[in-house]
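In what follows, a single structure is set out as C-alpha cells and then discussed.
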Amino acid sequence: MNEASIMFSSLLQHPEQLHLLRPWWLLALLPALWPGWRLWQRRAGAGQWRQVIDPQLLPAMLAQEPQRQASRQHYLWLLGWCLAVLALAGPAWQKLPQPVVKNDHALVIMLDLSASMYAQDVRPSRLVKALLKVTDIVRARRDGLTALVVYAADAYKVVPLTDDTRTIESLLPSLSPGMMPAPGSRPEKAIRLAQEMTHSAGLRQADLLLLTDGLQEQDVARIKSALQPGFRLRLLTLGTTDGAPIPLPGGGFLHDNNGQIVMPAFNPEPVLQLSRELNIPWQSMTLDDSDWQQLLPARQQVSSGSNSLQREYDQWKDGGFWLLLLLLVPALLLFRRGVLLCLPLLVLLTPSEPVWAAGWQDLWQTRDQQGAALFEQDPAAAAQRFNDPAWRGSAAYRAGDFQGAASAFAQAPASAENLYNLGNALAQNGQLQEALQAYDQALQQQPDLSAAQRNRAKVEELLQQQEQQQQQSGDNQSGENQSGDNQSGDNQSGDNQSGDNQSGDNQSGDNQSGDNQAGDNQSGDNQSGDNQSGDNQSGDNQSGQSQADDEFVRQQADKLARQQQEQEQQDATAKQPQEAAADGEGKDKPSGQQPAPGDQDPQSPAEATDLSAAAEQGLSREEQAAMDQWLQSVPDQPGNLLQRKFLYQYRQQPRLRESVQGEVEW
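Here full-length UniProt numbering is used: the first residue of the sequence shown is 1, the next is one more, and so on.
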C-alpha cells in the first residue's frame, strides 16, 4: 500500500506527466461506441414517454417497459471494456531509474583520404561513396564504441573512441583529401594509430575497418608488422580496375612527373595477398549494407571487464495494472447477484498489515524486482530482498556490508565476474589472502580481465607492506630487548642517576628540580632491564598480528589525511592570487572607502569573466555584447579546424621522407 500511495501522490503533484505508453490501444474503444449509442437511444426514447405519460400509467400504456436490469448489465459491460482498453493503453506518470549495461565493443574506422579518392570511376566519386558508407555504419551502431581515423602520408585522429556516433556523423561532410598535410597512402600508420587509441581507452581488442581504394605491394609487409594480436582487421575496398582521372579543385587533372594524367586503378592482387596471409575478411563496396554487415559482427557480447559502462536511464512505469483492480468490480457484479454482501467478509479476512504489505508487493513484483527498486535508495534493504546471490552481494557491497557481500558472492555461480566481485568484497573486509585467491580464480577463467589484474596487484602490494611492517616490528622488539639488557643493573641504578647528574638545568630548563628527576624516578623499578624486557617481549609476542593490522589501518588513515592536506594546500594556493589581488586593490583605495563584503554585488563566474575580459580590452557592456554577437555570426567550419590540427601535428613530428621503389603520392 505504501507503493500505491507514493504513485498516486506523484500523480497529484505532477499531473502533467500522465501519458499513455501504448496510445494505439484506444482504437479498441471504437467497437464500444455502437452499443453505447444504442443504449442511449433506448433510454432517451423511454424518457420522452415519461414526459407525457404519468409514470404510474406508463407500464399499462407501453407495450414493453425497458428492462432496467438488462440495461444495467450493458452499462457494466461497457465500463469493463473501457477500463480494460485504458489499462492496455498503459497510463504512466512515474519514472524509475533502470540500470543498463552498455556494450564496450570497439570499432575504429580508418578512412583513406589520399588524392585518388577524388576519382570518379564510382559515381559520384570514391570520396562521396566512402563517406556515405561510413555514415551508414555509424548510424547502424546503436551501442559500443566507435572511432574515426583518416590517413594519407600519415594518420590522424578525427574522433576518439566514443559512444556518441552523431559526433562522427557531423564531421564526415568536412573530410576531404585536400585537408591532408602531405600526399601519400600509408595504411599501416592508420593501423598503429588505431591500436594506440584502443590501448589509451583501456581496451585490449577492437575491430579495425580499413576503407580504402587500393593497396600497394609494399603495404602487405607493413600491415603484417604493424598489426598486433587481439585486433581484427577488415578490408572494405572501392574503385574499378580501369580507374579514372583525379580532378583537381582548381580545374584540370592530376599529372605525374612525366606529364601523364594519373589514372589510379584498383589493383586486387595486394588485397588478395593480405587476405590470404593474415586471414583478413575482405569485401568490395556495394550499394546496400551487405558489404560491411558481412565484415562486422551483428552484435558483440558485453564483456565482463571493468570497461563495461554502467549507466541509468529513466523508464516510465506502467500504471495500467491499477485499472485492473477497478475492472474487478464490474466483473464481480456481472458474475453473480448479491456479491456485495461478501465485501464485509473480505474485510474480516484481511490479514495483519505487515503480512499484507509483503503479500501485496509479492503479488505484483518478484523479490529481485523489489530489490532492484530499492537498490539505489536503500541498498541494505535491497540486499534482504534479492534472491539472486550476485545481486544480493552487489547490494550488500554498496551498503558497506562487505562480510555479507562476500558470503553472497561465494554462493553465486563461479563466473569470472562473480569471483572478481568476491575478491573485492574480501579485500574490503580485510581478508587479503582470500581476496588474492579469488582474483587468481577469476583470472584463470578470464585472463584478460584487466580490473582483476589491477586489484590483484594492489592486494599483493598490501600483503607485502604488511610483511615488511611485521619484520620491522620484530626488529624493533629485538632492539628494545637489547637496550633493556644494556640499561639494566648498575648503569640505571638509583646511585648513578642521582639528582646531581639529572638536575633541572640539564633536562628541563624550566622548573624541574633535581629531586623530581633524581634516581628515584628513573630507578631500576622503571627502567630496569628485567621489567622492560619482560613487559615488551610479552606484550609484543601477544599482540603479533593485531599490531600489524593496527599499523595497516593507521597507514591508510595517514594516507587519507595526506590527501586531504594536499587538497587543502591546493585550495589555499589557488586562493592566494585572488587574495593578493584583493589586497592590492585595497591598498590603492583609501581605508575609509573600501566597501564591506556585504555591500558588493554578487556576480556569477561567467559574468565576472566577461567583465574582466571587457575591462582588459577597454570595452563597455554594449560593445562587449556587440562583439559576442559578431563572434556568434562567424560560420562554424570544423573542416578548417581539422586541417589546421593535422598540419600542426605534421609539423610537430619531423621525419625523413622515405624513398621506396614503387611508392605513389596518390
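Ideal Cβ placement from N, Cα and C applies to all residues, glycine included.
Counterpart residues of D112 in DSSP-defined beta bridges: Y151
Own chain partners of L374 with C-beta closer than 6 Å, once the 5 adjacent residues on each side are dropped: A381 and A382
Where F386 sits in the DSSP three-state scheme: coil
Beta-carbon gap between P281 and R234 smaller than 7 Å: yes
Same chain only: Cβ atoms within 7 Å of E353, ignoring 5 sequence neighbours per side: Any reading at E353 is ruled out, since the residue's pLDDT is 44, under 50, leaving its predicted position unreliable.
Distance cut-off 6 Å: S200 Cβ against heavy atoms of the ligand MN: What this structure holds is no ligand at all, so the ligand MN is not there to describe.
Three-state secondary structure assigned by DSSP to H14: coil
K133, buried or exposed, once every other Cβ within 10 Å from all chains shown has been counted against 16: buried
Where S290 falls: helix, strand or coil (DSSP): helix
Cα-Cα separation between S394 and L86, rounded to whole angstroms: 38 Å
Backbone CA spacing between N267 and S114 [nearest angstrom]: 15 Å
Element boundaries [alpha helix (DSSP H), containing W630]: R621 to Q632
Three-pair Cβ contact test at 8 Å for the region 146 to 159 versus the region 175 to 188: yes
Cβ-Cβ separation, M117 to L107 (assumed contact under 8 Å), whole Å: At roughly 21 Å, the Cβ-Cβ gap does not stay under 8 Å, so L107 and M117 are not in contact.
Alpha-carbon spacing of Q411 relative to A427, whole angstroms: 17 Å
For H255: DSSP bridge partner residues: I261
For L88 and A226, the rounded distance between their alpha carbons: 58 Å
Check whether P379 and R398 have beta carbons under 7 Å apart: yes
Host alpha helix (DSSP H) of Q411 (start-end): F402 to Q411
Proximity below 7 Å, CB of residue 675 to CB of W93: Since the displayed the chain opens at 1 and closes at 666, residue 675 lies outside it and no answer follows.
Distance CB(L171)-CB(V158) smaller than 7 Å: yes
Exposed unless 16 or more other CB atoms sit within 10 angstroms - verdict on R22: exposed
Straight-line gap, R276 to K224 (C-alpha atoms, nearest Å): 12 Å
Coil, strand or helix - S200 by DSSP: helix
Distance between A405 and G90 (C-alpha atoms, nearest Å): 38 Å
Three-state secondary structure (DSSP) of W282: strand
Length of the line joining the Cα atoms of Q273 and V220: 7 Å
D207 versus F231, V138, Q283 and P177, residue with shortest Cα-Cα distance: F231
Cα-Cα separation, F246 to S176: Position check: residue 246 holds Ile in this sequence, whereas Phe was assumed. Taking the straight line from one Cα to the other gives about 13 Å.
Where P249 falls, given that 16 or more other Cβ within 10 Å makes a residue buried: exposed
Distance, L641 Cα to Q216 Cα: 31 Å
According to DSSP, residues forming a beta bridge with W316: K95
Secondary structure of Q502, DSSP reduced to three states: In this predicted model, Q502 has a pLDDT of only 37, less than 50, meaning its place in the structure is not dependable; the value taken from the coordinates is given anyway. Note: Q502 maps to coil in three-state DSSP.
Residue nearest to I168 in terms of C-alpha spacing, selected from F386, Q195, K189 and D136: D136
Classification of Q370 by the beta-carbon crowding that lies within 10 angstroms, buried from 16 upward: buried
Under 7 Å between C-beta atoms of Q441 and L462: no
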